[in-house]
Amino acid sequence: MAALNSLSHSNHFAGTYCSCIDIAPLRGTDNYFSWSIHMEDLLFDFGLWGYVAGGIKAPVPKDEKDTDAQGELEKWQKKDRSALAAIRYRVSDSILVTSGLRSAKTSKDAWDKVSLRYKKRGKGMH
């Protein structure tokens, strides 16, 4: 069960307090189903699930001089990186090494790699 350390949500960026939630690491097919539910809930609670699910897409600046769009892209990259880190923090070392998570460029890429490998054979369906 997820537990939150005594941190004030209002004083911390999602990536900071996301790392304080205790979720058992993904070990493989045996705990994928429960792990994925806990992770989806955690990422949703901190406003990051849209990045992982692909609903919040990276903005595409029209050119290098479009500073507003560049700023929005940087914000998107920071939030997506927080989601990616939350996923990587909560998998076993062997899964981190063997599942392709080290090379994942986005949180969606990481989630898709893990889901493809463990969801089909895991207990229950998500």
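Each step along the sequence shown adds one to the number in the numbering used here, with nothing skipped, and position 26 is 26.
Where is the CB? At the ideal position from N, CA and C, for every residue including glycine.
Please read all numbers here as calculations on a predicted model, not as lab measurements.
The beta carbon of Val52 lies closer than 6 angstroms to those of Leu43, Ala83, Ser107, Lys108 and Trp111 in the same chain, with the five residues before and after it left out. Excluding the 5 residues flanking it on each side, Pro59 has same chain C-beta neighbours closer than 7 angstroms at Ala69, Glu72, Leu73 and Trp76, in chain order. Residue environment: Ala86 is assigned as buried (16 or more neighbouring CB atoms within 10 Å of its CB, all protein chains considered). For Leu43, the enclosing alpha helix (DSSP H) stretches over residues Tyr32 to Asp45.
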